[in-house]
Amino acid sequence: MVRPRHFGMVSGLALAFASFPAAAQTDPAPAPTPVDAAQVASTPASAEPEATEIIVTAQKRSERLVQVPLAVTAISGSALAGQQINDTSSLTRAVPSLSFQAGNNPGNASFRIRGVGTQLFSLGVESAVSVVVDGVVAPRQAQGFSDLADLERVEVLRGPQGTLFGKNATAGVISIVTQRPGKEFGGSVEATVAEQGEYRVNGTVTTPISETLRARVSGFYNDVGGHIYNVAKNKDVNGYKSWGVRGKLAWDATPDLTFLLTGDYREMDADGNSRVPVRVTTAGIATLLGPDVIASPSNRNVSNDDLSYYRTKSTIVSLQGDWDLGAATITSISAFQRYIEADQFEPDQIASDPLRFVGTFPYAQWNQNSSRFAYNNYSEELRIGSNGNRDFTYVAGIFYAHLDLDRAGVRRRLNCSAGAAIGGACTGTVTATSSGYSGNFTSDNVAAFGQIDWRLVGGLHLIAGLREQHEKQTVTGSVFGPLVAGDTLFPGTPINSGTRSRSGSATTGKAGLRYEFNRNLQVYASYTRGYKAFALDIDITDYANQTGIAPEHVNAYELGAKWQAPGGVFDISTALFRSDFQNLQIQSLLTNVATGTFVTVLGNAGKSRSQGFEVEATARPSRNFSVAANFTLIDATVDVPGQSCPIQLQTGVTAYSSNFPVNQCYARTTTVGGVTTTSSPIIDVVGGQLPATPRYRVGVTPRYERAFGNLSGFVQVALNYQSDTIFALNQDPLLKQDGYAIVDASIGLRQIDSRWNVTLFVRNLFNHTYYSQLNHGTILANATNGTDLWANINKDANRYFGTTFGVKF
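Take the sequence shown: its letters are residues 239 to 1047, numbered as in this note's numbering.
Take a look at the structure:
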């Protein structure tokens, strides 16, 4: 019989401690380990708390967290629910070193681990942070931003994980494990109501069908009202609705052979991601926005045509088979994924219908900017992993994935030649520029991998791993236009069509040593070679002649220590790390405000480095009181030449033909055949700060929980601070956010047997504004009017209250 196990507080930001079922493989000869706070609270005062373990599958084997020689944060699903973490982008509140940068839609957003993540958003490029759900890898980052429901746990693996998890894990892995069918009938329902029209409900039912067959069905529905007010349309925006259902069927074919069939379907319909003007110094922009939109850090009003949206449909079907051979287990995971996205973003961000005059700017309306994509992905992983805690443990396997992705988009903008004044009705000639694109991307990836842990002598273990992989990519596409008779072609990329293919191989691996002083204390040192594949562009590009971008490589070094004190009164995990990247894959926004050119170009940075120190610790001075804390110091830098100069600095630059300066704006002159040309203002960044990467992050979470009678109550506060961040690769000093602290608090009550629970919570108690992205406006932007700023603002950038009620049966 598998003994129930519990997650203790591993992450400094995880707020609640709650039990979860053990992973499939238990650790032999278990000894007492730290006591889980939630379990203690539910134990009568006269009873002794059970021994607990933290079991993870970070190395594709079930292991005790304290014995895993890499930096891992593991959080139970109930702990995440207790912190009102309802989607993957909110995991940053619970995981040190994980950050999130918003985009115009989730496809343009990105996770970063230790400062490193996806710097570009072409669908031909994979994310540097791999999202894995029940062993199935999301092939593109847009699919990784989703709602969370019916979780067993989330594991965040920091640093390159390419040996076991593949080529798109140069920064780390977010591994989501959902609940399996239970052997007894049961279920739960949970509902949340919060200010500004937020309603969430989720539930699950699990039941045995026979002695060998079990089922589980879970679902969720979210209706989150908008937190930004659009004065032009008299409505709240930036809300969304989503729903999903997951079914699981577990079959014990024999005592040693089990199968798990999973089907997951979900939809999201968001009404866009309107940017909020937070600083406007241009009189014309103030006029276009109108008197009811006063730009300031506290502004939550916009005035636009409300044409932005983001809609997705996701289907995942997987079959996992596990054959227990005694000394080892053979696992097969076969998966099919179908993902569909349609999005539209309104770049001008003003009410421009009917068309208004804006002066000599290249356009007066940019409302049409839509795209869509859909892909099918087939994958198969077959591996064998040793069971238990032995002198020699191993994982080895093969992996195959085929991706077939279709992508298309159109864009059109209008200009007006005359009017009485800026913001007034158009009385002149209306002209338009437009274009579109359509493409197909296919890739085949095959890999073989293996990793061992071999006890050499005493507590000294050798770690060694290797992955050999090969990939082929093919892109076929075309740029077409104009879209409407009489339009001119949109500036940037000319009409073209063609096909390009590219293939390549890579060898990556891991080597290290670890020393176990005892089962609750170890130190380790490791070297990892990581790799992210080359990429061909499928967005607007020169399809026939593109060469794509070079593969990204990383050499990573980590020193770490993990300790659980006797009796569970204290635990700590520390890591000192350094990752050196070559050819970091980036995206440049080539901006020429004089011509109205806004073009994204894929490229490779010269080099990048992420280094620093992390510590996570939890103290439990009594059965009722605990304090979790974390501290992260990151120095994440990048060298990237040829970035567009910040628009407010694009006047008065000096032209150079050689000896180009660094970290300052200049123009580059070249002479070919006696003809000299001068570039738009550019900047070669050396030692710049990686975007969305605070140098310091600190979290402190005290929690007091006490049982009285047949009830248990808790009070909890979470303080999280991060230092200043920059949002642009070109180091634009205006696109910088000062450090800030956010305080969340909650108070709750539950029946001692957890049959029901209720929690009252407040997010951002002291109402501190922060941004998840900061941009210049596009319309009227020029070198002398370049200080206008728009921000992406999350709902919890304002204080709000809510309550959650749950029942179990």
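For every residue, glycine included, the Cβ atom is placed at its ideal position computed from N, Cα and C.
Q.
DSSP three-state label for R331, please.
A. Along the sequence shown, read from residue 1 onward, the residue named residue 331 stands at position 93. Looking at R331 - three-state DSSP - the assignment turns out to be helix.
Q. For S316, which three-state DSSP category applies?
A. Looking up residue 316 in the sequence shown gives position 78. Three-state DSSP puts S316 in a helix.
Q) DSSP three-state call for L526: helix, strand or coil? A) Stepping through the sequence shown from its first residue, residue 526 is reached at position 288. Note: L526 maps to helix in three-state DSSP.
Q) Candidates G947, R933, L887, G1044: which alpha carbon is nearest S992's? A) Within the sequence shown, numbered from 1, the residue matching residue 992 stands at position 754. Per the Cα distances, G1044.
Q: Specify, as a first and last residue, the run of the beta strand (DSSP E) that F851 falls within.
A: The residue given as residue 851 occupies position 613 in the sequence shown. Taken as a continuous stretch (DSSP letters only), the beta strand (DSSP E) holding F851 covers 845-857.
(Q) Please state the DSSP three-state secondary structure of D682. (A) Your numbering for residue 682 matches position 444 in the sequence shown. Of the three classes helix, strand and coil, the one that applies to D682 here is strand, per DSSP.
Q: Under 6 Å Cβ to Cβ from V981, same chain only, skipping five residues before and after it: list those, please.
A: For the purposes of this step, residue 981 is taken as the residue at position 743 of the sequence shown. Same-chain partners within the cutoff: L957, L1003, F1004.
Q: Please check the pair T408 and P398, which I expect to be a contact at CB under 8 Å, by giving their CB distance rounded to whole angstroms.
A: Counting from one through the sequence shown, the residue named residue 408 turns up at place 170. Counting from one through the sequence shown, the residue named residue 398 turns up at place 160. About 5 Å; that satisfies the 8 Å criterion.
**Q.** Between the CA atoms of G742 and L808 - distance to the nearest angstrom
**A.** Counting from one through the sequence shown, the residue named residue 808 turns up at place 570. Counting from one through the sequence shown, the residue named residue 742 turns up at place 504. It should be pointed out that residue 808 corresponds to Phe in this sequence rather than to Leu. Looking at the two C-alpha atoms, the distance is approximately 48 Å.
**Q.** N-terminal and C-terminal residue of the beta strand (DSSP E) that T746 is part of
**A.** Within the sequence shown, numbered from 1, the residue matching residue 746 stands at position 508. Unbroken beta strand (DSSP E) run through T746: 734-756.
Q | the stretch 866-874 / the stretch 942-955 touching (three or more Cβ pairs under 8 Å) | A | no
Q.
Taking its Cβ as the centre, do 16 or more other Cβ atoms sit within 10 Å of T519, making it buried, or is it exposed?
A. Taking the sequence shown and counting its residues from 1, one reaches residue 519 at position 281. Exposed, because fewer than 16 other Cβ atoms sit within 10 Å of the Cβ of T519.
Q. Short check: CB of A763 to CB of L797, under 8 Å?
A. One-based indexing of the sequence shown puts residue 763 at position 525. One-based indexing of the sequence shown puts residue 797 at position 559. Yes, the pair counts as a contact, with Cβ atoms nearer than the cut-off.
Q) Can you name, in chain order, every residue of its own chain whose Cβ lies under 6 Å from the Cβ of T667, other than the five neighbours on each side? A) Along the sequence shown, one-based indexing puts residue 667 at 429. Contacts found: S655.
Q | Endpoints, alpha helix (DSSP H) assigned at G382 | A | What you label residue 382 is simply residue 144 of the sequence shown in a count that begins at 1. Here the alpha helix (DSSP H) through G382 covers 379-382.
Q. Q707 and S681: beta carbons closer than 8 Å?
A. What you label residue 707 is simply residue 469 of the sequence shown in a count that begins at 1. What you label residue 681 is simply residue 443 of the sequence shown in a count that begins at 1. No; because the gap between Cβ atoms is not below 8 Å, this pair is not in contact.
**Q.** Residue environment, P592, which counts as buried when at least 16 other CB atoms sit within 10 Å
**A.** On the sequence shown, position 354 is the one that residue 592 refers to. It is exposed - the Cβ of P592 has fewer than 16 other Cβ atoms within 10 Å.
(Q) Give me the DSSP bridge partner(s) of R906. (A) Counted from its first residue, the sequence shown places residue 906 at position 668. Answer by DSSP bridge pairing, in chain order: Y894.
Q.
Pop quiz: P884 and N783 are said to be a contact at Cβ under 8 Å. What is the actual Cβ separation, rounded to whole angstroms?
A. As a first step, residue 884 is located in the sequence shown; it is residue number 646 there, counting from the start. As a first step, residue 783 is located in the sequence shown; it is residue number 545 there, counting from the start. Contact doesn't hold; Cβ gap of about 30 Å is too wide.
Q: Inspect the beta-carbon positions of Q558 and N615 and report whether they are closer than 8 Å.
A: As a first step, residue 558 is located in the sequence shown; it is residue number 320 there, counting from the start. As a first step, residue 615 is located in the sequence shown; it is residue number 377 there, counting from the start. Their beta carbons are not under 8 Å apart, which means Q558 does not touch N615 by this criterion.
Q | Cutoff 8 Å: S655 Cβ touching any chain B Cβ | A | In the structure shown, chain B does not exist; there is a single protein chain.
(Q) Closer than 8 Å is the cut-off here; do at least three beta carbon pairs connect the stretch 577-585 with the stretch 370-390? (A) yes
Q. If you run the structure through DSSP and keep just helix, strand and coil, what is V394?
A. Locating residue 394 in the sequence shown gives position 156, where the first residue counts as 1. DSSP places V394 in strand when its eight states are reduced to three.
Q: Please state whether DSSP places G947 in a helix, a strand or coil.
A: Along the sequence shown, one-based indexing puts residue 947 at 709. In the structure shown, G947 sits in coil (DSSP, three-state: anything other than H, G, I, E or B).
Q) If we count Cβ pairs, one from each stretch, closer than 8 Å, do we get three or more for the stretch 660-675 versus the stretch 696-707? A) no
Q. Relative to the alpha-carbon of H1014, which residue among W1028, H1006, N1023 has its alpha-carbon at the smallest distance?
A. By 1-based counting over the sequence shown, the position of residue 1014 is 776. With distances taken between Cα atoms, H1014 lies closest to W1028.
Q.
In whole angstroms, give me the CA-to-CA distance for I985 and A429.
A. The residue labelled residue 985 in the question sits at position 747 within the sequence shown. The residue labelled residue 429 in the question sits at position 191 within the sequence shown. Those two C-alpha atoms are separated by around 16 Å.
Q: Along the alpha helix (DSSP H) that carries F403, what are the first and last residues, could you check?
A: For this step, residue 403 is matched to residue 165 along the sequence shown. 400-403 is the span of the alpha helix (DSSP H), which, as asked, contains F403.
Q) Can you list, in chain order, the residues of its chain whose CB lies under 6 Å from that of A612, leaving out five sequence neighbours each side? A) For the purposes of this step, residue 612 is taken as residue 374 along the sequence shown, with counting starting at 1. Closer than 6 Å at Cβ, skipping near neighbours: I578, D644.
Q) Under the rule that 16 or more other beta-carbon atoms within 10 Å means buried, what is Y638, buried or exposed? A) Residue numbering aside, residue 638 sits at position 400 when the sequence shown is read from its first letter. So Y638 ends up on the exposed side.
Q.
By DSSP's criteria, G599 is part of a beta bridge. Which residues make up the other side?
A. One-based indexing of the sequence shown puts residue 599 at position 361. According to the sequence displayed, residue 599 carries Phe and not Gly. Note: F599 sits in no beta bridge, so no partner.
Q. Hey, is the stretch 473-482 in contact with the stretch 520-530, meaning 3+ C-beta pairs nearer than 8 Å?
A. no
Q) Which term fits F1039, buried or exposed, when burial requires 16 or more other beta carbons within 10 angstroms of its beta carbon? A) Translated into positions along the sequence shown, residue 1039 becomes position 801. Flag for F1039 reads exposed.
Q: With a 10 Å radius around its C-beta and 16 neighbouring C-beta atoms as the bar for buried, classify Q902 as buried or exposed.
A: Within the sequence shown, the letter at position 664 stands for residue 902. With fewer than 16 Cβ atoms within 10 Å of its Cβ, Q902 is classed as exposed.
Q: May I have the straight-line CA-CA distance separating T1022 from E619, to the nearest angstrom?
A: Within the sequence shown, the letter at position 784 stands for residue 1022. Within the sequence shown, the letter at position 381 stands for residue 619. Cα-Cα distance, rounded: 56 Å.
Q: Measure the Cβ-Cβ separation of A874 and I810 and say whether it is below 8 Å.
A: For this step, residue 874 is matched to residue 636 along the sequence shown. For this step, residue 810 is matched to residue 572 along the sequence shown. Contact flag unset, no.
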